[in-house]
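Asks: Below is a structure I'd like to ask you about.
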């Protein structure tokens, strides 16, 4: 899934452009800082996914509570 997202992101770039971007990153940050940057990026992505999962759960819980709190009118109509 992640590889597919990366390929979609890089869809407009060819092999030469990707190599040039990687070389520019190596020159700009240096080889020692790249693992630190990747770790920080991974941590940020994980926090974003966790936050979006929490928000989704909160929405589902509130919708479930709302459905349970509303009276069911169809049952009372059938009995009458």
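In my numbering, the protein residues as written are 565 to 644.
Each residue gets a CB set at the ideal place from its N, CA and C atoms; glycine is no exception.
1. So, with DSSP's three-state summary, where would you put residue 596?
2. Write down the C-beta distance between residue 592 and residue 601 rounded to the nearest angstrom, noting that I regard them as a contact closer than 8 Å.
3. What is the rounded straight-line gap between the Cα of residue 587 and the Cα of residue 633?
4. Between the C-alpha atoms of residue 629 and residue 596, what's the straight-line distance to the nearest angstrom?
Replies: Walking through what the data contain:
1. If DSSP states are grouped into helix, strand and coil, residue 596 belongs with coil.
2. Cβ-Cβ separation between residue 592 and residue 601: approximately 10 Å, too far for a contact (criterion under 8 Å).
3. Rounded to the nearest whole angstrom, the C-alpha separation of residue 587 and residue 633 is 59 Å.
4. Straight-line Cα distance between these residues: approximately 51 Å.
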